[in-house]
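Trainee:
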DNA sequence: GCCG
DNA sequence: CAGTACG
DNA sequence: CGGCCGTTACTG
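Residue numbers (our numbering): 3 to 771.
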């Protein structure tokens, strides 16, 4: 499997570079691309430089440490970041950190301000649509030659227009590497023009000759008779995909390369009597016979799990329900598989949201068995019996399930759905408004109903992936992770721009109070509920009357500070202070800033530091060091509170993390940042032996959704991933009697863990899910 | 909340 | 043990 | 109807 994938990728890139070489003569385009890559590069460096951030802060002289050897603290992963200072400058910021919470001491009015914005800000993740260069094949700046860009358009005006065409983020380029030839092959028709643009935005090239095309898109209405002559002129046509215009549209809608061998895409485009010839199959090579509709039908009928058990080569690489599998799509594999993401994507989908489209659009008529399921869908319109509903779902799930059970072979290669997420992109998203309201709903459920929360997030991700606005419940239902309830909400939002349930919830004072209380460190839903029911209404109430744990008291006393985001530069400055102090104690200890910082965020909720050292095999080895460090930093006044340490680790050797608060000393405060103000910050320290660094990096880099999905993926493979390593599952009998935690497979190397899991490597900045 |  | 927090 | 990450780790 490994080999196969590799081969595919190689083939893909080979092909791709060839394609790219022949297109893109367009300077503007090239320049833009170039710039894009520059930005990416810069950004990438910035994000990966975690450890040795000789931060912009004028050498953190502050804390005594005169001639201390500034520790190099090499970053484990290659990325030798360049100058952070410079990087930071370039790193785009999109949103200044939210101002501190308003006076909570006061009354309701403030509370209100507190709540709403909070739920709205949950992901201050800046937009980084420019990230993602990684896969982007090097565009050999092949000048001249075929100046032809990827469009046959002739008019200058048009060309210009096209030059401005913006490629969508890579993860949306479902057509990358494909070359479309339209019949008719012009953009005179408005609709077609739009379709062409959409296709091109998603990576397709619009070619002028049939010969160079991989896909022939025939206007709907035209029949085989109509295009016959066209096809005849090209001897290679049998190797092409010939579909009607609905095909690319559906692909766009579903954000994935669908199987073109479906009746609805090839209707009227085949020669009824002679299956083989001008047959829409896939790409060159195999294409032949088998792909006639009859064949398809047959397959559809008896699909079932057997199809799924076919060897990888015969698996569809289109993200699509197996019933549409056809035996002749192998060639496309090369492209599709490469375009497609790893299975982690799917788990991310499963775990949080966005996922793939395993489901066919319930397009108008379809033939065979499937159409029935489809019809159910259609019929259900507004008021379907819950029975129909569930049966429909069953069918769909079954497909998915089957698909998923394929994990070891192709199922993970089957979609080009989301790649490791990057942030942003939401700006111009047609569903932005819907997303925003749903996001508020998430805020309302946060800490209350975790699962529901997750469902909302999942739905949001699915919406974010759409390229066009979802306005009806029916439409929404087609998206993975969106069921009846959410679909209805989506429709409501689309219809009148508001969600009554949300507004209602927002009005409820208990919710406001609850939200307030929940933002206190150490306060969960249980405690918050108790307090609310006990009649407490303000933080002041709590401070004075409630019984608070140590941590909760700290959380309340420093509520504003702790709820304020930390700008990236400060994260670096804080880390520098710690390093500085650490240098005195043990210069060989290394620090890596994890968390959202490592993912490239321009602001963080807290600072996450991994403390590690070569040749350590247990976090215990680092304990003495940490104790000294803590003491030292506390004495310095840097650490201001301990929220969770490892005091009584009676447990087996697991003393590994320290949570607390810190304050950037004025001496470490950059002069150019205005007036100094001490702000309490949350800081998490994680002791990590070298042998566990990889796993710890994954864990501490997150984000949480990413972690959960990759862990879920691991578990589905019979493995176990936690912050200490990847383990081969050892029958863990009940009661953990198994005094073995499983055979450690890997813990040291982050990339290796990805490999072992069969997950394509993702840079930290690609782990926003 | 969704999914199997 | 439940509650909370971490990514 | 039960699962939804971690045999996570720390507090009380």
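Backbone N, C-alpha and C fix where the C-beta goes; we use that ideal spot for every residue, glycine too.
(1) When DSSP labels each residue in this structure, what does residue 615 get in the three-state scheme?
(2) For residue 688 and residue 632, what's the separation of their Cα atoms in angstroms?
(3) What number of angstroms, rounded off, separates the C-alpha of residue 599 from the C-alpha of residue 620?
(4) Would you mind giving the Cβ-Cβ distance between residue 183 and residue 225, rounded to the nearest angstrom? I have them listed as a contact below 8 Å.
(5) Starting from residue 519, trace the alpha helix (DSSP H) both ways and give me its first and last residue.
(6) So, helix, strand or coil for residue 602, using DSSP?
(7) My understanding is that residue 541 touches residue 577, with C-beta atoms under 8 Å, so please give their C-beta distance in whole angstroms.
(8) Apart from the five residues just before and just after residue 170, which ones in its own chain have a Cβ nearer than 7 Å to its Cβ?
(9) Just mark residue 766 as buried or exposed, buried being the case when its beta carbon has 16 or more other beta carbons within 10 Å.
(10) Looking at C-beta atoms only, is the number of pairs between the region 591-598 and the region 556-568 that lie closer than 8 Å three or more?
(11) Per the contact definition of three or more C-beta pairs closer than 8 Å, is the region 566-576 in contact with the region 669-683?
(12) Measuring alpha carbon to alpha carbon, tell me which residue in 629, 432, 659 is nearest residue 463.
(13) Report the residue from 491, 435, 500, 724 whose alpha carbon sits nearest the alpha carbon of residue 470.
(14) Helix or strand or just coil, what does DSSP make of residue 210?
(15) Whose CA, out of 686, 693, 665, 674, lies closest to the CA of residue 680?
(16) Within the same chain, show all residues whose beta-carbon is closer than 8 Å to that of residue 222, passing over the 5 residues directly before and after it, in chain order.
(17) DSSP state of residue 176, grouped into three classes?
(18) Whole-angstrom Cβ separation of residue 180 and residue 206, contact assumed at under 8 Å?
(19) Could you say which of 756, 662, 728, 167 lies nearest to residue 745 if we only look at CA atoms?
(20) Determine the direct distance from the alpha carbon of residue 699 to that of residue 750, and round the result to whole angstroms.
(21) Can you tell me whether residue 455 is helix, strand or coil according to DSSP?
(22) Tell me the rounded alpha-carbon separation between residue 530 and residue 447.
(23) Examine the Cβ distances between the region 531-538 and the region 632-649 and report whether three or more of them are shorter than 8 Å.
(24) With distance defined between alpha-carbon atoms, name the residue in 472, 722, 508, 513 nearest to residue 494.
(25) Can you tell me the Cβ-Cβ gap for residue 597 and residue 704, rounded? I've got them flagged as a contact below 8 Å.
(26) So residue 707 and residue 759 are supposed to be a Cβ contact under 8 Å. How far apart are they, rounded?
(27) Taking the straight line between their C-alpha atoms, what separation do you get for residue 539 and residue 595?
(28) Who are the Cβ neighbours of residue 504 in its own chain at under 8 Å, not counting the five residues just before and after it?
(29) Give the secondary structure of residue 771 by DSSP, where H, G and I count as helix, E and B as strand, and everything else as coil.
(30) So which of 715, 522, 684 has the shortest CA-CA distance to residue 606?
(31) Identify, in the order they occur along the chain, each residue of the same chain with its Cβ nearer than 7 Å to the Cβ of residue 251, setting aside the five sequence neighbours on each side.
(32) Quick check: the Cα distance between residue 487 and residue 702, rounded to an integer number of angstroms?
(33) How close, in whole Å, do the beta carbons of residue 565 and residue 521 come, if the pair is a contact with beta carbons under 8 Å?
(34) For residue 220, which option in 208, 271, 209, 231 has the closest C-alpha, if you only look at C-alpha atoms?
(35) I'd like the span of the alpha helix (DSSP H) that includes residue 553, first residue to last.
(36) Since residue 507 and residue 490 are thought to touch, with beta carbons under 8 Å apart, how far apart are those beta carbons, to the nearest angstrom?
Mentor: According to the data block:
(1) strand
(2) Taking the straight line joining both Cα atoms gives about 12 Å.
(3) 25 Å
(4) The pair is not a contact, with the Cβ atoms about 17 Å apart (cut-off 8 Å).
(5) It spans 511-520 - the alpha helix (DSSP H) in which residue 519 sits, taken as one unbroken run.
(6) coil
(7) Not confirmed; about 30 Å, so no contact.
(8) The answer, listed in chain order, is 203, 204.
(9) buried
(10) no
(11) yes
(12) 432
(13) 435
(14) Three-state result, residue 210: coil.
(15) Checking every option, the nearest Cα to that of residue 680 belongs to 665.
(16) 246, 247, 248
(17) Looking at residue 176 - three-state DSSP - the assignment turns out to be coil, as it is neither helix nor strand.
(18) With 8 Å as the limit, residue 180 and residue 206 qualify as a contact, their Cβ atoms being about 5 Å apart.
(19) Residue 728 is the option with its Cα nearest to residue 745.
(20) Going by the C-alpha atoms only, they are around 9 Å apart.
(21) helix
(22) 13 Å
(23) Result no; under three Cβ-Cβ pairs closer than 8 Å.
(24) Nearest of 472, 722, 508, 513 to residue 494, Cα basis: 472.
(25) 7 Å
(26) About 16 Å; that fails the 8 Å criterion.
(27) The alpha-carbon atoms of residue 539 and residue 595 are separated by roughly 37 Å.
(28) 439, 442, 443, 446
(29) coil
(30) Measuring from the Cα of residue 606, the nearest candidate turns out to be 684.
(31) 197
(32) 34 Å
(33) 6 Å
(34) Taking only the C-alpha atoms, the option nearest residue 220 is 271.
(35) Start and end: 552-559.
(36) In fact, because the Cβ distance is near 16 Å, the residues do not count as touching under 8 Å.
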